[in-house]
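Taken in order, these protein sequences are the chains called A and B. Heads up: the first sequence is residues 179 to 497, going by our numbering. Heads up: the second sequence is residues 179 to 497, going by our numbering.
Protein chains: 2
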Amino acid sequence: MTPRITLLAGGVGGAKLAEGLSAICPPERLSIIGNVADDQEFHGLWVSPDIDTLTYSLADLIDRQQGWGLAGESHRVLAGLERLGCDTWMSLGDQDIATHIFRTQLRRQGVRPSAIAQSIAESLGIGTKLLLPTDDPLQTRVRTDQGWLAFQEYFVRERCRPEVREVHFEGATEACPTPEALEAIETADLLLIAPSNPVVSIAPILAVPGIRHAIEKSLAPRVAISPLIGGCTVKGPADRMLTAMGYRCSNTGVAASYAGLIDGLVIDSIDRTDRTALEAEGLQVMTTDTLMTCLEEKARLAEETLAFASACRRVEAET
Amino acid sequence: MTPRITLLAGGVGGAKLAEGLSAICPPERLSIIGNVADDQEFHGLWVSPDIDTLTYSLADLIDRQQGWGLAGESHRVLAGLERLGCDTWMSLGDQDIATHIFRTQLRRQGVRPSAIAQSIAESLGIGTKLLLPTDDPLQTRVRTDQGWLAFQEYFVRERCRPEVREVHFEGATEACPTPEALEAIETADLLLIAPSNPVVSIAPILAVPGIRHAIEKSLAPRVAISPLIGGCTVKGPADRMLTAMGYRCSNTGVAASYAGLIDGLVIDSIDRTDRTALEAEGLQVMTTDTLMTCLEEKARLAEETLAFASACRRVEAET
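This is how it looks when you write it as C-alpha cells:
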C-alpha cells in the first residue's frame, strides 16, 4: 500500500514534484501543504500565486511555457483596469481572475481560505488534498536596498533586482496552523519538502507556529529535494536569497536551512561531489537527475524520491 | 449660450438621448442623472448596468448591436467562474468586469459611488457630468407571479417573462439624494426626462427623497420624451410594466406617470393623434421621429427637444 505522503511545496518547482507524486500516488494518500505568504490583494481581489500554481499544475491547466498561470490566457480585464488608471504590473489573466473573484467572494463571506483552496481544487478535478498551513494573514516582506517590499513587489514588479537584506513573515507569530495541515504532518508515513525556494516558499510554511514542531516530532522519514542544480536555481531567486540569509548557495546551504527537519536530501547528479559534506552533517543523500522538464521526469523523480525516503533512517531528534 | 441641461436617464433608451445631447452640448452644460436601482452584486462585484450603459455609450465604447456592454467583448472570466460552479446567467464581459472590479474596490475603500461613477467616466474620456441620484442602497424589487425578484433576476435571468404585479424601490425611504444631483436639478435651465422606462428607470430616481420635490419646484421647463412608439417600447418591458402599474400603455399613460413633473412631452410622429388628449391634460406636445438608430438621429432628436423645451411654458405648480 502506498504510504501516506505529505509534501511541503512552494510554486513552480514545488508544483512539478507535486505533479510527479500525483501521477504515481492514489489521491487519498497524498497531501500537499502550499505557501500562502506570497498572497497579495490586487484590485481588491485576493491573489494566491503559489496555491494557484499548484492547483493549475495538478489540474493540467497550467501554462507549461511559463510554469504559472493558465494555458491559453488572455488579458482583457487587465487592459480594462489599465484604461481605468490602475497599476497593472502584476500579470493576471482573464481565466485566472475568475479564480481570484471566486476566492475573494468566499473570503468576504467568511469561508476559511483553506476550504476555498480545496473547493477550487475539487472544481478543477483535483483529488489530492491541497492544504494551507494557516487560514490567518501571513505575508512575506523583503527588506532590500530599496526598502521593505511585499513579496510580489520584489518578485514581479522589481523582477528580483533589488539586493535582499532581510526576509520577514508578517503575521507568523499570531498565525494558527490549520488542523488539516497539522494532521497531514502528524499522520504522514513520509514527509517531503519540494525543490522550492527554502527562504520564501518553505520557510513561511515552517514559520506558522506548530508546523515546524510537528515536523520535528514526526517519526516519519523526512526528505527534501534540493532546488539547486550546480549551485543555481532552475528559476527564481533562491540562490541569491540563500546567500542573503547567510547560507551557502549550495546543497550544504539548503541542508543547513532545513537543519533538524530533514533526514535525507535528494541532490542533482551534477552535484554528486556534495555527498561527502552532506553525509558528514548526518544526512542521507540520493543523487539523481532533478531537472523536471516533462511529466515522465516528474513521475520518475517522485518515484525515486519515495523509494529513497521509504528507505531513509529517521535521524533522532536532539531533545 | 447653451442652457444648462439636466437629463434623467435609464439604460439603453436614455443613453441614446444622452449621446445626442452630448453631441450638441458643451460638456459643462450637460448633467445626466442615471439609475442605480438596477445595480446588483454578482460574484462579489458591484454591477451597475444602467450607469455602465450610459458611460460606455458616451465613451463610444458601447456594443452598438446589443445596446449595452462593451464592443468586441470576450467572456473568459465568466467561463472561468462557470467552471468553478458559479451561476453565470448575468452576462458580464471581460472588459466590463474590469469596470466592476474597479468599482467594487473603490466602494470597499469607502469612496462614494457617485465619485466612482464620475471617475470611471473621466477615465473613459467623458466630459459630461454623470451623476447618481443617491449614494445609498436603492434596489428595484419586482413582485411577479413567481414571487419577489431582484430587477436583474426579472430582467435578465427570467427575460421579463413573469407577470409583474408590483414594483418596490427598496431603500428609497432612507436614501439621501446626492448634493450633485440636487444641484443639477436646481440650477438647470431645462429639465429633460429621457425615453426610458418610466416604471423602473425613471421612477427609482424620483423615489429618492428630495429629487421629485426639486423637480416640482424648479422653474425650468420640464420635458419628457416618451419611450413608446405606436404603443410599444423599442426595447425592454416598459409597456407591460406601465400596464401592471395601472397606467395606460400609451403616451397618456406615460404622461400620467410623470404627472406634476413635466410641462411638455415629445412623442413619435406615428402617435400624433395622441396630441389632443395630452393637450387636454395641460401638456405641451411636440411630435417628431423618436426612434434613434444612429448618432445623427440622436443629435437631431436632442436638438429638436432642446428647441421645444426652450419654448415650453412652465406649467404652474398646484400649491
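Beta carbons: idealized from backbone N, C-alpha and C, even for Gly. Bear in mind the structure is a predicted one, so any value in this text is a computation, not a measurement.
Pull out every residue of the region 268-280 of chain B whose Cβ sits closer than 7 Å to any Cβ of chain A, in chain order.
Answer in chain order: Asp272, Gln273, Ile275, Ala276, Thr277, Ile279 and Phe280.
Are three or more beta carbon pairs between the region 196-206 of chain B and the region 475-482 of chain B nearer than 8 Å?
As far as the Cβ criterion goes, the region 196-206 of chain B touches the region 475-482 of chain B, which means the pair count is three or higher.
Assuming Pro373/A contacts Thr468/A under a Cβ cut-off of 8 Å, what Cβ separation, rounded to an integer in Å, is found between them?
Numbered from 1 along the first sequence, position 195 holds the residue referred to as residue 373/A. Numbered from 1 along the first sequence, position 290 holds the residue referred to as residue 468/A. Confirmed, Cβ separation roughly 6 Å.
What in chain A is Cβ-close to Gln283/B, meaning under 7 Å?
Along the second sequence, one-based indexing puts residue 283/B at 105. Result: His221 and Gly222.
Ordered along the chain, which non-local residues of its own chain (more than five positions away) have a Cβ less than 8 Å from that of Arg492/A?
On the first sequence, position 314 is the one that residue 492/A refers to. Answer for Arg492/A: Leu397, Ala398, Pro399, Arg400 and Asp441, listed in chain order.
Any beta carbon of chain B sitting closer than 8 Å to that of Leu456/A?
Here residue 456/A is taken as the residue at index 278 of the first sequence, counted from 1. The Cβ of Leu456/A sits no closer than 8 Å to any Cβ of chain B.
Candidates Leu284/B, Leu309/B and Arg337/B: which alpha carbon is nearest Ile183/B's?
In the second sequence, residue 183/B corresponds to position 5, counting from 1. Nearest of Leu284/B, Leu309/B and Arg337/B to Ile183/B, Cα basis: Leu309/B.
CB-CB under 6 Å to Lys194/A, same chain, minus the five flanking residues each way: which ones, in chain order?
In the first sequence, the residue the question calls residue 194/A occupies position 16. Here the set comprises Met470 and Lys476.
Assess contact between the region 355-363 of chain A and the region 310-319 of chain A, defined as three or more Cβ pairs (one per stretch) separated by less than 8 Å. Is contact present?
Because the criterion of three Cβ pairs below 8 Å is met, the region 355-363 of chain A and the region 310-319 of chain A touch.
So with CB distances below 7 Å, who are the chain A contacts of Cys264/B?
Looking up residue 264/B in the second sequence gives position 86. What Cys264/B touches in chain A: Phe280.
By a C-beta neighbour count over all protein chains shown, 10 Å radius and 16 as the cutoff for buried, is Ala299/B buried or exposed?
Within the second sequence, residue 299/B is the residue found at index 121, counting from 1. It counts as buried.
Please list, in chain order, all residues of the same chain as Leu473/A whose beta carbon is under 7 Å from its beta carbon, the five residues on each side excluded.
The sequence position of residue 473/A within the first sequence is 295, counting from 1. Closer than 7 Å at the Cβ level, and outside the excluded window around Leu473/A, lie Glu197 and Ala201.
Quick check on Gln218/A: does DSSP put it in helix, strand or coil?
On the first sequence, residue 218/A is found 40 positions in, with the first residue counted as 1. Note: Gln218/A maps to strand in three-state DSSP.
Supposed close pair Asp274/A, Leu248/A - CB separation, criterion 8 Å:
Taking the first residue of the first sequence as position 1, residue 274/A is located at position 96. Taking the first residue of the first sequence as position 1, residue 248/A is located at position 70. Going by Cβ atoms, the distance from Asp274/A to Leu248/A rounds to 6 Å, so yes, they are a contact pair.
Do you know how far the Cα of Gly460/A is from the Cα of Thr454/A?
For the purposes of this step, residue 454/A is taken as residue 276 along the first sequence, with counting starting at 1. For the purposes of this step, residue 460/A is taken as residue 282 along the first sequence, with counting starting at 1. If I take the Cα positions, the gap works out to 10 Å.
Gly258/A in three-state terms, based on DSSP:
As a first step, residue 258/A is located in the first sequence; it is residue number 80 there, counting from the start. Three-state result, Gly258/A: helix.
Counted within 10 angstroms of its Cβ, other Cβ atoms place Thr318/A as buried (16 or more) or exposed
On the first sequence, residue 318/A is found 140 positions in, with the first residue counted as 1. Thr318/A comes out buried.
With 8 Å set as the bound, which would you pick, yes or no: does the beta-carbon of Ser226/B sit closer than that to a beta-carbon of chain A?
On the second sequence, position 48 is the one that residue 226/B refers to. Interface annotation, Ser226/B: not in contact with chain A, CB-CB separation never under 8 Å.
Short of 7 Å in beta carbon distance, which residues of its chain neighbour Ala353/A, apart from the five on each side in sequence? Order them along the chain.
Here residue 353/A refers to the residue found at position 175 when the first sequence is read from its first residue. Leaving aside the five residues that flank Ala353/A on each side, the residues in its chain whose CB is nearer than 7 Å to its CB run, in chain order, Thr312, Asp314, Leu316, Val386 and Pro387.
Check for me: the beta strand (DSSP E) holding Ser209/A runs from which residue to which?
To locate residue 209/A, count along the first sequence from 1; it is residue 31. DSSP places Ser209/A inside the beta strand (DSSP E), whose first and last residues are Leu208 to Ile211.
Is DSSP giving Pro355/B helix, strand or coil here?
On the second sequence, position 177 is the one that residue 355/B refers to. Three-state result, Pro355/B: strand.
Go ahead and label His278/B buried or exposed: buried means 16 or more other beta carbons lie within 10 angstroms of its beta carbon, across all protein chains shown.
To locate residue 278/B, count along the second sequence from 1; it is residue 100. His278/B is buried by the Cβ-count criterion.
By Cβ distance below 8 Å, which residues in the same chain neighbour Leu456/A in space, the five residues on each side in sequence not counted?
What you label residue 456/A is simply residue 278 of the first sequence in a count that begins at 1. So the qualifying residues of the chain are Asn429, Thr430, Ala433, Leu443, Ile445 and Val463.
When DSSP labels each residue in this structure, what does Asp446/B get in the three-state scheme?
On the second sequence, position 268 is the one that residue 446/B refers to. In this structure, DSSP gives Asp446/B an extended state, which the three-state scheme calls strand.
Just the C-alpha distance for Ala392/B and Pro355/B, rounded to the nearest angstrom, thanks.
The residue given as residue 392/B occupies position 214 in the second sequence. The residue given as residue 355/B occupies position 177 in the second sequence. Rounded to the nearest angstrom, the two C-alpha atoms are 11 Å apart.
Measure the alpha-carbon distance for Pro382/A versus Gly192/A and round it to whole angstroms.
Numbered from 1 along the first sequence, position 204 holds the residue referred to as residue 382/A. Numbered from 1 along the first sequence, position 14 holds the residue referred to as residue 192/A. Rounded to whole angstroms, Pro382/A to Gly192/A spans 14 Å at the Cα level.
Counting contacts by CB-CB distance shorter than 8 Å, is Thr497/A in contact with chain B?
On the first sequence, position 319 is the one that residue 497/A refers to. Caution is warranted here: a pLDDT of 48 is assigned to Thr497/A, below 50, making its placement in the model unreliable, and the coordinate value is therefore given only provisionally. No, because no Cβ of chain B sits closer than 8 Å to the Cβ of Thr497/A.
Using beta carbons (cut-off 8 Å, strictly below), is Leu370/B in contact with chain A?
Stepping through the second sequence from its first residue, residue 370/B is reached at position 192. For Leu370/B, the answer is no, since every Cβ of chain A falls outside 8 Å of its Cβ.
Listing by chain order, which chain B residues have their CB less than 8 Å from the CB of Leu308/A?
As a position in the first sequence, residue 308/A is number 130, starting the count at 1. Per Cβ cutoff of 8 Å: no residues; Leu308/A is ~14 Å from chain B at best.
Neighbour flag for Arg254/A against chain B, beta carbons, 8 Å
Your numbering for residue 254/A matches position 76 in the first sequence. Interface residue, yes.
Considering only C-alpha positions, which residue in the set Pro291/B, Arg261/B and Arg254/B is nearest to Gly271/B?
Here the question's residue 271/B lines up with position 93 in the second sequence. Nearest of Pro291/B, Arg261/B and Arg254/B to Gly271/B, Cα basis: Arg254/B.
Leaving out five residues on either side along the sequence, give the residues of the same chain with a beta carbon under 6 Å from the beta carbon of Pro181/A.
Residue 181/A sits at position 3 when you count from the first residue of the first sequence. Listed in chain order, the non-local C-beta contacts of Pro181/A below 6 Å within the same chain comprise Asp367 and Leu368, local neighbours out to five positions each way being set aside.
Counting contacts by CB-CB distance shorter than 8 Å, is Ser292/B in contact with chain A?
The residue given as residue 292/B occupies position 114 in the second sequence. For Ser292/B, the answer is no, since every Cβ of chain A falls outside 8 Å of its Cβ.
Among Ile380/A, Lys395/A, Val342/A and Glu219/A, whose alpha-carbon lies nearest the alpha-carbon of Ser404/A?
Taking the first sequence and counting its residues from 1, one reaches residue 404/A at position 226. Closest by alpha carbon: Ile380/A.
Is it the case that the region 222-232 of chain B contacts the region 279-287 of chain A, given that we only count it when at least three CB pairs across the two stretches are under 8 Å?
Short answer: they touch.
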